[in-house]
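Asker: Sending over a structure as structure tokens; questions will come in a sec.
Numbering (this note's numbering), first residue to last: 911 to 1008.
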């Protein structure tokens, strides 16, 4: 049973609110509940073990600062530079995130 390919069973009781979160992850990832729980554990466990977490507010604030700085620099270089920045950002969003 110590084979890296062995599959172990983990049964956990959770309140309805947690099950709803698992279902939301499963829907977002187009997977079943078991795979959703595996993904949640694989993402969250290393952060908890390291004692670090994600401060979403800080990440979003940093992104806003960087975006504002990029826009200001592009605008200072002229309209074409700003247009190119916005077009490239839109293409990258569609390719990688949407």
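Yeah, the Cβ is synthetic: ideal placement off N, Cα and C, and Gly gets one too.
Any idea what DSSP makes of residue 925, helix, strand or coil?
Answerer: coil
Asker: According to the neighbour-count rule (16 or more other Cβ atoms, all chains shown, within 10 Å of its Cβ), is residue 946 buried or exposed?
Answerer: buried
Asker: Is the stretch 942 to 957 in contact with the stretch 915 to 933, if contact means three or more CB pairs nearer than 8 Å?
Answerer: yes
Asker: Start and end of the alpha helix (DSSP H) containing residue 972?
Answerer: Note, residue 972: alpha helix (DSSP H), 966 to 987.
Asker: Look at residue 980 and residue 995 and say whether their C-beta atoms are less than 8 Å apart.
Answerer: yes
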